[in-house]
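*Asks:*
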DNA sequence: CAATTGGTTAGCCATGGAGCTAACTATAGG
DNA sequence: CCTATAGTTAGCTCCATGGCTAACCAATTG
C-alpha cells in the first residue's frame, strides 16, 4: 500500500529541481551518457545518479546500459503530458475570462443606457488599479 | 538570505502536490475564500493554510483579506511563465528532431549515391545512430 | 456584550529528499 | 592479466515538507 504518486506529481516534483531541469534541457538536445550528463555538475556521482533515477521513475527520461555505459534519452511524451496540464488550466481560465468580459460589457451597456449616473469603478486599495482587466496586466 | 530558490523551482514544486494543483484548478474557475477552498479537503485548516502559503510564495496565487475573510485568486502570469518553459524545451526538442531527420535524409542520399559501397560509419544497433559523437549529432 | 465564525500562530512529529563517502562490480583497453 | 573507467550499492547526515493539535485574534451576529 505504498504511496502510488500520480504521474503528474512525479513529473512536477522532478522538474522542481534545477539540476534535473538542466538534465532535461540537456537531453532535449540529444541523448547522452551518465558521465557526459554529470560532467558540468559539481556533485558526487552517486548523488547525481539519484537525480537520473528520479527522472526515470517520473517517466521523463529513459536509459539503457550497453557495456559499461548507460545512455539516457528524453521521453518527450511525458514532457508533453505535463505541458497539457497547463493548457487545460489555461483553457478554463480563458473561458472564465471571456465570461467575465462579457459580464463587464453587459454592465457597461447597462450603465450607458442608464445615462452616466455615477462613477462606479471600484478601486482596489492594495494595487491601486481598477478592477477592469483587459488582457494580462 | 538563505536558499534563494528560483521562481521555476517554486512553481514546479508547488504544483507537485495534488492538493495544491486542485486549488489552482479550482481558482482557474474564479476566486474563492480560504474556507471555500478548504471545504472539499479532509485536512485541518492550518495544514491547508500552509498549502495556500506555498502557492502564494510561488507567485501562483494572490490573496487579500477584507474583514475576516481572505479571498484568493490565481495569478495567471506565473502559470503561463511555467508553461513557457515547456514550450521552450519542446522547441529545442523539435529543432533537434528536424536536424535528425535531415541527417537521416542525408545518410539515405549518401548511400544511394555511393551505390552501396562501404559502411564506414559504425551504427549502434540499439539506437540506430552512429557512434561518432563530436558535438551534438 | 456574548457567542460564532474564519483565519492565524506556535509548536510538535514523521517522512522523504538531496547531498556526502566508502566500497564494490563489471567492462574496456593495454 | 592488470588497470583504469563508468556506474552502482550501502549507509550516513541534514533539513525541508506535510500533517497534526491547541490556543489565539478579530470580525460578525444574535
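Residue numbers (the working numbering), protein chains in the order written: chain H, 19 to 155; chain Y, 19 to 155. Each residue gets a CB set at the ideal place from its N, CA and C atoms; glycine is no exception. Predicted, not measured: the structure shown is a model, and the values here were computed from it.
Residue 79 (chain H): which of H:116, H:52, H:61 sits nearest, CA to CA?
*Replies:* Sequence index remark: in the first chain, residue 79 (chain H) carries index 61 (1-based). The shortest Cα separation from residue 79 (chain H) among H:116, H:52, H:61 belongs to H:52.
*Asks:* What does the alpha-carbon distance come out to for the pair residue 120 (chain Y) and residue 111 (chain Y)?
*Replies:* Numbered from its first residue, the second chain carries residue 120 (chain Y) at position 102. Numbered from its first residue, the second chain carries residue 111 (chain Y) at position 93. Their Cα atoms are separated by approximately 14 angstroms.
*Asks:* Please determine whether the Cβ atom of residue 46 (chain Y) lies at a distance below 7 angstroms from any heavy atom of the ligand MN.
*Replies:* The ligand content of the structure shown is nil, which means the ligand MN is not present either.
*Asks:* Which first and last residues belong to the alpha helix (DSSP H) in which residue 38 (chain Y) is found?
*Replies:* As a position in the second chain, residue 38 (chain Y) is number 20, starting the count at 1. Start and end: 36-46.
*Asks:* Using DSSP bridges, identify the partner residues of residue 101 (chain Y).
*Replies:* Translated into the one-based positions of the second chain, residue 101 (chain Y) becomes position 83. Looking at the DSSP assignment, residue 101 (chain Y) forms no beta bridge with any residue, so it has no partner.
*Asks:* Please return the same chain residues whose Cβ sits closer than 6 angstroms to the Cβ of residue 72 (chain H), not counting the five positions on each side in sequence.
*Replies:* Sequence index remark: in the first chain, residue 72 (chain H) carries index 54 (1-based). Contacts found: 32.
*Asks:* With a CB to CB cut of under 7 angstroms and the five nearest residues on each side skipped, what residues in its chain are close to residue 63 (chain Y)?
*Replies:* Within the second chain, residue 63 (chain Y) is the residue found at index 45, counting from 1. Here the set comprises 56.
*Asks:* On the three-state DSSP scale, how would you describe residue 55 (chain H)?
*Replies:* The residue labelled residue 55 (chain H) in the question sits at position 37 within the first chain. Note: residue 55 (chain H) maps to helix in three-state DSSP.
*Asks:* Give me the chain H residues within the contact set of residue 42 (chain Y), using Cβ-Cβ distance strictly less than 8 angstroms, ordered along the chain.
*Replies:* Along the second chain, one-based indexing puts residue 42 (chain Y) at 24. Within 8 angstroms Cβ-Cβ: 107.
*Asks:* Would a check of beta-carbon distances place residue 46 (chain H) closer than 8 angstroms to chain Y?
*Replies:* Residue numbering aside, residue 46 (chain H) sits at position 28 when the first chain is read from its first letter. So yes, residue 46 (chain H) belongs to the interface.
*Asks:* Which of helix, strand or coil does DSSP assign to residue 78 (chain H)?
*Replies:* Counting from 1 along the first chain, the entry for residue 78 (chain H) is found at position 60. It is coil, neither helix nor strand.
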